[in-house]
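Beneath this line is the structure, given in structure tokens, with notes to follow.
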């Protein structure tokens, strides 16, 4: 079963919050920014935005000051995906929205920065932007960072779009893949691997361990449904046993392809489609 949420509304007050420590073995992430995924402990997110509360002062007709507890609406991964699919985010604001909604990507307080992985954070951001461009059919946005000599042509773009049509990601799936792309590199952190069991030292097992036991390092996971959580877990299981990117580069032997067939039979087609969507983000 899935571990309970490590968050509570009390830990997300607008001031003085931070990422709660789950146990003494958690990496020392001394964040001062409140989580943007405010959900009650053990509960799933039920709305595109989450909220904490703050005391607001109002003046009555008799000039009396009263304080009322008001919700503070914050931007989360679900709201991000809804805005992406509706085309509500201008291209120039997309990176900022990613950093706002996926706490791990925050340049100052995010897990990548606090674990001294700034280069990996930039790779994760690029991967998220690539998937968003593919899902929204934004050819110009996808190819803009590419050098002219290696820029994707229209035919190649069409092939990638066919894969997107085949995978047919909905809002929930898009949210899950963006979360996975945002957190995937955290399993490489030496500060993480020094504090987890020897059996979980490779990047994928390390990330799975973080998901299960150190949720404060990967807070965006708490915004996901049980189905999305399972998709990420199963995709990481496939990735640690079979690296499709290596196969495309001719680095796998025939036995590895057979292993992939076994894994596809083990998991349903939704997992494999999700895995391909995940690969498209960083290949």
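Numbering (the UniProt record's numbering), first residue to last: 1 to 283.
Glycine residues also receive a C-beta, built at the ideal position from the N, C-alpha and C atoms.
Here the structure is a predicted model, which means the values were calculated and not measured.
For this session: Taking only the alpha-carbon atoms, compute the straight-line gap between residue 183 and residue 104 and give it to the nearest angstrom.
Result: To locate residue 183, count along the chain shown from 1; it is residue 183. To locate residue 104, count along the chain shown from 1; it is residue 104. Roughly 7 Å separates the two Cα atoms.
For this session: Could you check the C-alpha separation between residue 141 and residue 198 for me, to the nearest Å?
Result: One-based indexing of the chain shown puts residue 141 at position 141. One-based indexing of the chain shown puts residue 198 at position 198. Each residue's alpha carbon lies about 41 Å from the other.
For this session: Grab me the residues of residue 175's own chain with a C-beta within less than 8 Å of its C-beta, minus the 5 sequence neighbours each way, in chain order.
Result: Working through the chain shown from its first residue, we reach residue 175 at position 175. Only 77, 78, 80, 81, 223, 224 and 228 meet the Cβ criterion.
Problem set entry | Cβ contact (3+ pairs, closer than 8 Å) linking the region 253 to 262 and the region 232 to 242 | Yes, the region 253 to 262 touches the region 232 to 242.
Exercise. Under the three-state reduction of DSSP, which class applies to residue 74: helix, strand or coil?
Worked result: On the chain shown, residue 74 is found 74 positions in, with the first residue counted as 1. The answer is strand: DSSP assigns residue 74 an E or B state.
Problem set entry | First and last residue of the uninterrupted alpha helix (DSSP H) at residue 231 | Within the chain shown, numbered from 1, the residue matching residue 231 stands at position 231. For residue 231, the enclosing alpha helix (DSSP H) starts and ends at 226 to 241.
Problem set entry | Which listed residue (134, 89 and 250) has its alpha carbon closest to that of residue 160 | Position 160 of the chain shown, counted from the start, is the residue given in the question as residue 160. Relative to residue 160, the option among 134, 89 and 250 whose CA is nearest is 134.
Problem set entry | Delimiting residues of the alpha helix (DSSP H) encompassing residue 270 | Residue 270 sits at position 270 when you count from the first residue of the chain shown. That run of the alpha helix (DSSP H) goes 269 to 282.
Problem set entry | Spatial neighbours of residue 202 in its chain, beta-carbon cut-off 6 Å, leaving aside the 5 residues before and after | On the chain shown, residue 202 is found 202 positions in, with the first residue counted as 1. Cβ neighbours of residue 202 beyond the five flanking positions: none.
For this session: Consult DSSP for residue 177 and reduce its assignment to one of helix, strand or coil.
Result: For the purposes of this step, residue 177 is taken as residue 177 along the chain shown, with counting starting at 1. Looking at residue 177 - three-state DSSP - the assignment turns out to be helix.
Problem set entry | Reduced DSSP secondary structure (H/G/I, E/B, other) of residue 183 | As a first step, residue 183 is located in the chain shown; it is residue number 183 there, counting from the start. Helix, per DSSP.
Exercise. Would a C-beta distance cut-off of 8 Å place residue 277 and residue 167 closer than the cut-off?
Worked result: Translated into the one-based positions of the chain shown, residue 277 becomes position 277. Translated into the one-based positions of the chain shown, residue 167 becomes position 167. Remark: C-beta atoms of residue 277 and residue 167 approach each other more closely than 8 Å.
For this session: Output the distance between the C-alpha atoms of residue 111 and residue 152, rounded to the nearest integer angstrom.
Result: Reading the chain shown from its first residue, position 111 is the one you call residue 111. Reading the chain shown from its first residue, position 152 is the one you call residue 152. Distance between the alpha carbons of residue 111 and residue 152 is about 32 Å.
Problem set entry | Expected contact under 8 Å - CB spacing of residue 281 and residue 210 to nearest Å | If you number the chain shown from 1, residue 281 lands on position 281. If you number the chain shown from 1, residue 210 lands on position 210. Cβ atoms of residue 281 and residue 210 stay farther apart than 8 Å, at about 19 Å.
Exercise. Considering residue 98, what are the terminal residues of the alpha helix (DSSP H) in which it resides?
Worked result: If you number the chain shown from 1, residue 98 lands on position 98. 94 to 101 is the span of the alpha helix (DSSP H), which, as asked, contains residue 98.
For this session: Using alpha carbons as the reference points, say which of 283, 120 and 271 lies closest to residue 187.
Result: Translated into positions along the chain shown, residue 187 becomes position 187. When each option's Cα is compared against that of residue 187, the closest is 120.
Exercise. Comparing alpha-carbon positions, which option in 132, 192 and 279 lies nearest residue 114?
Worked result: In the chain shown, the residue the question calls residue 114 occupies position 114. For residue 114, the nearest C-alpha among the options comes from 192.
Exercise. Roughly how many angstroms separate the alpha carbons of residue 266 and residue 233, rounded to a whole number?
Worked result: In the chain shown, the residue the question calls residue 266 occupies position 266. In the chain shown, the residue the question calls residue 233 occupies position 233. For the pair residue 266 and residue 233, the Cα-to-Cα distance works out to about 13 Å.
For this session: Using 10 angstroms around the beta-carbon of residue 271, count the other beta-carbons present and answer buried if the total reaches 16, otherwise exposed.
Result: The count along the chain shown starts at 1 and reaches residue 271 at position 271. Buried: at least 16 other Cβ atoms inside 10 Å.
For this session: Please determine, among 91, 136, 149 and 269, the residue with the shortest C-alpha to C-alpha distance to residue 158.
Result: Residue mapping note: residue 158 aligns to position 158 of the chain shown, counting from 1. The residue with the shortest Cα to Cα distance from residue 158 is 136.
For this session: Answer with buried or exposed for residue 169, where buried requires no fewer than 16 other C-beta atoms within 10 angstroms of its C-beta.
Result: Counting from one through the chain shown, the residue named residue 169 turns up at place 169. Buried, since its Cβ has 16 or more Cβ neighbours within 10 Å.
Exercise. Taking just the CA atoms, how far does residue 145 sit from residue 89?
Worked result: The residue you call residue 89 lines up with position 89 of the chain shown. The residue you call residue 145 lines up with position 145 of the chain shown. Each residue's alpha carbon lies about 19 Å from the other.
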